[in-house]
Amino acid sequence: MKSVTNPPTPPVDVVLPCLDEAGALPWVLERIPSG
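This note's numbering applies: residue 298 is where the sequence shown begins, and numbers increase by one.
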């Protein structure tokens with residue numbers, strides 16, 4: 298019997314579609330779920 302494994306988690310990129318990325322970063326990071 299073969300064991301079942303979970304596939305590796307793919308990398309995720311976050312794109313900030315705004316003019317002031319540095320100013321928006323804290324707001325965006327608070328809303329990204331952990332994990």
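We put the beta carbon where it would ideally sit given N, CA and C, even for glycine.
Return helix, strand or coil for residue i, following the three-state DSSP convention.
i: Gly332; result: coil
i: Leu313; result: coil
i: Pro301; result: Residue identity differs from the one stated: residue 301 is Val in this sequence, not Pro. Val301: coil per DSSP, three-state reduction.
i: Pro323; result: helix
Output needed for residue i: all residues of its chain with C-beta closer than 7 Å, excluding positions within five of it in sequence on either side, in chain order.
i: Thr306; result: none
What does a CB cutoff of less than 8 Å around residue i pick up in its chain, not counting 5 residues either side in sequence?
i: Cys315; result: Ala321
Looking only at its own chain, which residues have a Cβ that is under 6 Å from the Cβ of residue i, when we skip the five neighbours before and after it?
i: Pro308; result: none
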